[in-house]
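Asks:
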Amino acid sequence: MDGTIPLLTPYKLGRFDLSHRIVLAPLTRQRSYNNVPQPHAILYYTQRTTKGGFLISEATVISQTAIGYEHVPGIWTEEQVEAWKPIVDAVHAKGGTFFCQIWHCGRISNTTFQPNGEAPISPSDKTVSGVTEYSPPRRLRTEEIPHIVNEFRVAARNAIEAGFDGVEIHGANGYLIDQFLKDQVNDRTDKYGGSLENRCRFAFEVVEAVSKEIGADRVGLRLSPFNTYDDTGDSNPDQLALYLAENLSKYGILYCHAIEPRMMSNQRIRDTRHSLVPMRKAFRGSFIVAGGYTRDEGNRAVAEDRADLVSYGRFFLANPDLPKRFQLNAPLNKYDRSTFYTSDPVVGYTDYPFLDEEEKN
Numbered sequence: 001m002d003g004t005i006p007l008l009t010p011y012k013l014g015r016f017d018l019s020h021r022i023v024l025a026p027l028t029r030q031r032s033y034n035n036v037p038q039p040h041a042i043l044y045y046t047q048r049t050t051k052g053g054f055l056i057s058e059a060t061v062i063s064q065t066a067i068g069y070e071h072v073p074g075i076w077t078e079e080q081v082e083a084w085k086p087i088v089d090a091v092h093a094k095g096g097t098f099f100c101q102i103w104h105c106g107r108i109s110n111t112t113f114q115p116n117g118e119a120p121i122s123p124s125d126k127t128v129s130g131v132t133e134y135s136p137p138r139r140l141r142t143e144e145i146p147h148i149v150n151e152f153r154v155a156a157r158n159a160i161e162a163g164f165d166g167v168e169i170h171g172a173n174g175y176l177i178d179q180f181l182k183d184q185v186n187d188r189t190d191k192y193g194g195s196l197e198n199r200c201r202f203a204f205e206v207v208e209a210v211s212k213e214i215g216a217d218r219v220g221l222r223l224s225p226f227n228t229y230d231d232t233g234d235s236n237p238d239q240l241a242l243y244l245a246e247n248l249s250k251y252g253i254l255y256c257h258a259i260e261p262r263m264m265s266n267q268r269i270r271d272t273r274h275s276l277v278p279m280r281k282a283f284r285g286s287f288i289v290a291g292g293y294t295r296d297e298g299n300r301a302v303a304e305d306r307a308d309l310v311s312y313g314r315f316f317l318a319n320p321d322l323p324k325r326f327q328l329n330a331p332l333n334k335y336d337r338s339t340f341y342t343s344d345p346v347v348g349y350t351d352y353p354f355l356d357e358e359e360k361n
């Protein structure tokens with residue numbers, strides 16, 4: 001893809017040759033009925049695929065206990081693996097690189113999603129304040145944690161079997177790994193709680209297990225150390241961010257995908273003194289940034305070496321040809337938040353117009 005703007009310059013992401021730096025962010029869409037990916041996802045993902053583009057799948061649950069929302073895709077059964085294959089093949093046929101984001105919701109769940117109506121699991125039994133749809137969680141026993149680590153490992157193996165080029169471990173946004181990382185949630189007194197080292201232990205065990213299974217050069221990790229989604233704040237997020245970035249480098253993983261401190265859970269932008277720059281400098285690998293970036297902000301982030309790649313969520317959702325629109329500096333379709341999480345296989349999913357369709361009209 002030709003273009004002089006920084007976002008449209010090529011980038012070598014490990015073994016993957018990318019033609020531009022605009023990444024499809026992982027976006028929950030809740031259109032995988034009964035946790036099985038559906039054929040309509042083929043069109044959705046291929047609409048957003050360019051030759052040499054990098055796509056990260058919607059968050060994909062690793063087990064029955066990992067579910068926190070209805071109709072999100074899974075990757076723990078053979079049926080799910082088989083259902084992903086034609087979707088992944090279609091992205092590859094258009095020249096895209098495709099990673100699967102693997103996910104455990106932890107306490108952000110409800111007994112209705114859990115096996116036998118059991119309580120969701122979490123590092124602690126603390127509930128999310130003021131949110132009635134989440135059931136009170138059960139504190140994981142120390143001896144149970146290796147089983148969850150193994151579920152991430154198996155999910156990664158299954159993703160490769162489905163044809164994905166790699167996986168992104170979801171360690172952000174208040175879900176299970178983030179619940180272990182943040183001291184507002186994690187009040188454990190065993191080796192998984194207390195000190196910074198202990199609170200990060202679970203995340204690093206997952207990274208290590210997944211890396212050993214499929215190769216560190218096929219692994220990314222998404223983090224949001226500064227965000228406070230669903231009562232997952234930390235008393236010293238700068239220290240947490242730096243510790244994660246420095247120690248993550250030891251595992252040799254492909255990339256770190258970090259969410260801007262300015263992003264709030266309601267997608268509003270706030271002023272903040274925090275920055276991702278120390279993480280960027282500390283992490284030895286490719287660095288992806290996310291969080292409400294505009295075209296100009298993304299270009300600046302790449303030009304100023306604050307990021308190698310920039311992931312776009314809502315803009316890419318509403319503009320399947322986002323790289324082309326950025327290249328031409330064309331106007332963007334407005335997204336419709338009311339159809340983000342509906343189950344319709346077309347409306348708000350694959351019916352956003354392309355630039356050439358608009359020009360015809």
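So in full-length UniProt numbering, spot 267 of the sequence shown is number 267, and the numbers just go up one at a time. Each residue gets a CB set at the ideal place from its N, CA and C atoms; glycine is no exception.
Assign Thr-232 to buried or exposed, taking buried as 16 or more other Cβ atoms, counted over all protein chains shown, within 10 Å of its Cβ.
Replies: Position 232 of the sequence shown holds residue 232. Looking at its Cβ environment, which holds 16 or more other Cβ atoms inside 10 Å, Thr-232 is buried.
Asks: Expressed to the nearest angstrom, what Euclidean distance is found between the alpha-carbon atoms of Tyr-255 and Arg-337?
Replies: If you number the sequence shown from 1, residue 255 lands on position 255. If you number the sequence shown from 1, residue 337 lands on position 337. Between Tyr-255 and Arg-337, the C-alpha separation is close to 29 Å.
Asks: Leaving aside the five residues before and after Leu-317 along the sequence, list all residues of the same chain whose C-beta is less than 7 Å from its C-beta, in chain order.
Replies: Taking the sequence shown and counting its residues from 1, the one referred to as residue 317 is at position 317. So the qualifying residues of the chain are Leu-27 and Tyr-335.
Asks: Just verifying my parser: in three-state terms, what is the DSSP assignment at Thr-228?
Replies: Here residue 228 refers to the residue found at position 228 when the sequence shown is read from its first residue. Note: Thr-228 maps to coil in three-state DSSP.
Asks: Please classify Gly-52: does DSSP put it in a helix, a strand, or coil?
Replies: Walking along the sequence shown from the start, residue 52 turns up at place 52. Looking at Gly-52 - three-state DSSP - the assignment turns out to be coil, as it is neither helix nor strand.
Asks: Output the residue ranges of the beta strand (DSSP E) runs that lie fully inside the region 185-237 and measure 3 residues or longer, sorted by chain position.
Replies: For the region 185-237, whole beta strand (DSSP E) runs of length 3 or above, ordered along the chain, are 219-223.
Asks: Less than 8 Å between the CB atoms is what I'm expecting for Ala-290 and Ala-93, so what's the real figure, rounded?
Replies: Taking the sequence shown and counting its residues from 1, one reaches residue 290 at position 290. Taking the sequence shown and counting its residues from 1, one reaches residue 93 at position 93. Not quite, the Cβ-Cβ distance comes to about 27 Å (not below 8 Å), so this is no contact.
Asks: Classify His-92 as helix, strand or coil using the three-state DSSP reduction.
Replies: Residue 92 sits at position 92 when you count from the first residue of the sequence shown. Three-state DSSP puts His-92 in a helix.
Asks: Sort out for me which residues DSSP pairs Val-310 with in a bridge.
Replies: The residue labelled residue 310 in the question sits at position 310 within the sequence shown. Ile-22 and Val-289.
Asks: Output needed for Leu-196: all residues of its chain with C-beta closer than 6 Å, excluding positions within five of it in sequence on either side, in chain order.
Replies: In the sequence shown, residue 196 corresponds to position 196, counting from 1. The answer, listed in chain order, is Tyr-243.
Asks: Let me check you understand the geometry: is the CB of Ala-172 closer than 8 Å to at least one non-hydrogen atom of the ligand COA?
Replies: In the structure on display, the ligand COA does not appear, and there are no ligands present to speak of.
Asks: Taking Cβ to Cβ, would you say Ile-62 is nearer than 9 Å to Trp-76?
Replies: For the purposes of this step, residue 62 is taken as residue 62 along the sequence shown, with counting starting at 1. For the purposes of this step, residue 76 is taken as residue 76 along the sequence shown, with counting starting at 1. Result yes, Cβ atoms of Ile-62 and Trp-76 sit closer than 9 Å.
Asks: Using C-beta distances below 7 Å, list every residue in its chain close to Ser-124, excluding the 5 sequence neighbours before and after it, in chain order.
Replies: Along the sequence shown, read from residue 1 onward, the residue named residue 124 stands at position 124. Only Arg-139, Val-185, Asn-186, Asp-187 and Arg-188 meet the Cβ criterion.
Asks: Exposed or buried, Cys-328, counting other C-beta atoms within 10 Å across all chains shown (16 or more means buried)?
Replies: Against the sequence shown, residue 328 aligns to sequence position 328. The question names Cys, but residue 328 is Leu in the sequence shown. Under this definition Leu-328 is an exposed residue.
Asks: Is the beta carbon of Gly-163 closer than 9 Å to that of Phe-98?
Replies: In the sequence shown, the residue the question calls residue 98 occupies position 98. In the sequence shown, the residue the question calls residue 163 occupies position 163. Going by C-beta atoms, Phe-98 is nearer than 9 Å to Gly-163.
Asks: Pairs of beta-carbons, one from the region 35-48 and one from the region 234-251, closer than 8 Å: are there three or more?
Replies: No: the two stretches stay apart, fewer than three of their Cβ pairs being nearer than 8 Å.
Asks: How far does the beta strand (DSSP E) with His-170 in it reach, from first residue to last?
Replies: Residue mapping note: residue 170 aligns to position 170 of the sequence shown, counting from 1. From DSSP, the beta strand (DSSP E) with His-170 extends over 166-171.
Asks: Asp-308: which of Ser-286, Asn-299 and Arg-314 sits nearest, CA to CA?
Replies: Locating residue 308 in the sequence shown gives position 308, where the first residue counts as 1. Measuring from the Cα of Asp-308, the nearest candidate turns out to be Ser-286.
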